[in-house]
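Trainee: Every number in my numbering is 554 more than the matching position in the sequence shown, counting from 1. For glycine and all other residues, C-beta sits at the position ideal for the given N, C-alpha and C. Starting off with a structure, shown below.
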Amino acid sequence: MPLHTTDALILRTYQLGEADRIVVFLTSDRGKKRGVANRVRGLKSRFAGGLEPLTLARLAYYEREQRDLVRLSYVEPVRSPLMVRDGDGLGHVEYFAELIDECAPEADPNATLYRLGAAVVESLVDKVPVGRLARYVEYWVLRLQGVYPSLIACHRCGGDSVRGGQIDPTGGGFTCAACAVGQGIRLSAESVRFLRAASGTPPGGLADIGLPAEAARELEQAHRQLISVHLEKELRSSKVLRAMNRAT
Ligand SMILES: [Zn+2]
555 MPLHTTDALI LRTYQLGEAD RIVVFLTSDR GKKRGVANRV RGLKSRFAGG LEPLTLARLA
615 YYEREQRDLV RLSYVEPVRS PLMVRDGDGL GHVEYFAELI DECAPEADPN ATLYRLGAAV
675 VESLVDKVPV GRLARYVEYW VLRLQGVYPS LIACHRCGGD SVRGGQIDPT GGGFTCAACA
735 VGQGIRLSAE SVRFLRAASG TPPGGLADIG LPAEAARELE QAHRQLISVH LEKELRSSKV
795 LRAMNRAT
């Protein structure tokens, strides 16, 4: 059984019998994997503190012939969501992990998605404004899935997108306000400006990119709609976040 050592992002875990867990993780080099971690309890466990969703870790696993499930040897946390110090950021940890999990195909290497996930953990620890970070991550995950159209120009007339317009949730691209027909998802000039600026910036730079409250709400709704069309469901943690927002 060959042993692979890699950097990875933990996405989720679930119970397997009394003492073991199944771990879903995104590797930097071989895409998303599922593995069994034996004996996860106790301070001496080789997985202690490393299995929280959105932990950035150094880990090793054995591939098993003709089995999709790998066997984890150890997980050593490098950055942990337990280092996130503000409540809003913590509230989003599950959401980011679920979003990346749902959009990452099994064993399909995607270095850009891995780097995005790793940058999210760093940004949460560094207290990047979490609303902007969420819209940024949604935008990039959807772009990498081919769901988000290019926002550089109207795909009908080629005109500049700066005055806003609408996107077709079924993949028809971005149209400027003059060319827009039918029921699209509206994007104001402010939303387009934010996304265009954000697309050329690492998430650590988001504190310097403005996003007015109204555009933030518009983008949140637009992205929720795009995600549910694409995944054919609403994310569980997205419902939790909305319930939390209503309660505060
Ligand atoms: Zn146009």
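Look at the alpha carbon of Arg566 and the alpha carbon of Leu580, and state the distance between them as a whole number of angstroms.
Mentor: Position 12 of the sequence shown, counting from 1, holds the residue named residue 566. Position 26 of the sequence shown, counting from 1, holds the residue named residue 580. Arg566 and Leu580: Cα-Cα distance of roughly 10 Å.
Trainee: Comparing the CB of Gly725 with every heavy atom of ligand 1, is any distance shorter than 8 Å?
Mentor: The residue given as residue 725 occupies position 171 in the sequence shown. Outside the cutoff, so no.
Trainee: Less than 9 Å between the C-beta atoms of Pro792 and Arg778, yes or no?
Mentor: Stepping through the sequence shown from its first residue, residue 792 is reached at position 238. Stepping through the sequence shown from its first residue, residue 778 is reached at position 224. What sits at residue 792 in the sequence shown is Ser, not Pro. Yes; because the gap between Cβ atoms is below 9 Å, this pair is in contact.
Trainee: Taking the beta carbon of Pro607 as the centre, do at least 16 other beta carbons fall within 10 Å, making it buried, or is it exposed?
Mentor: Start at 1 with the first residue of the sequence shown, and residue 607 comes out as number 53. Buried.
Trainee: Which residue marks the beginning of the alpha helix (DSSP H) containing Arg740, and which one marks its end?
Mentor: Looking up residue 740 in the sequence shown gives position 186. From DSSP, Arg740 is part of no alpha helix (DSSP H) but of the beta strand (DSSP E) over Ile739 to Leu741.
Trainee: What three-state label does DSSP hand Phe579 in the structure shown?
Mentor: For the purposes of this step, residue 579 is taken as the residue at position 25 of the sequence shown. Here Phe579 sits in strand by DSSP.
Trainee: Within 8 Å, do at least three Cβ pairs link the region 690-710 to the region 613-625?
Mentor: At 8 Å Cβ cutoff, the stretches do not touch.
Trainee: Taking only heavy atoms of ligand 1 into account, decide whether any of them is closer than 8 Å to the Cβ of Gly718.
Mentor: Looking up residue 718 in the sequence shown gives position 164. Answer for Gly718: no, Cβ out of range of ligand 1.
Trainee: Taking the straight line between their C-alpha atoms, what separation do you get for Gly880 and Tyr628?
Mentor: One cannot answer for residue 880 here, as it falls past the ends of the chain, which runs 555 to 802.
Trainee: Cβ of Glu584 within 9 Å of Cβ of Thr560?
Mentor: Here the question's residue 584 lines up with position 30 in the sequence shown. Here the question's residue 560 lines up with position 6 in the sequence shown. What sits at residue 584 in the sequence shown is Arg, not Glu. Cβ distance < 9 Å, so Arg584 and Thr560 count as in contact.
Trainee: Fully enclosed by the region 666-752, which alpha helix (DSSP H) runs are 4 residues long or longer?
Mentor: Taking only runs of at least 4 residues, the alpha helix (DSSP H) segments lying wholly in the region 666-752 are 684-698.
Trainee: Can you tell me whether DSSP reads Ser792 as helix, strand or coil?
Mentor: One-based indexing of the sequence shown puts residue 792 at position 238. It is helical.
Trainee: Please indicate yes or no: does the CB of Ala743 lie closer than 8 Å to some heavy atom of ligand 1?
Mentor: Residue 743 sits at position 189 when you count from the first residue of the sequence shown. Not so, every heavy atom of ligand 1 lies at least 8 Å from the Cβ.
Trainee: Measuring only from the beta carbon, is Gly764 closer than 8 Å to any heavy atom that is part of ligand 1?
Mentor: Reading the sequence shown from its first residue, position 210 is the one you call residue 764. Result no, Cβ not under 8 Å from ligand 1.
Trainee: Tell me, please, which residues DSSP counts as bridged to Leu563.
Mentor: Counting from 1 along the sequence shown, the entry for residue 563 is found at position 9. DSSP, once it has assigned bridges, lists Leu580 and Leu610 as partnering Leu563.
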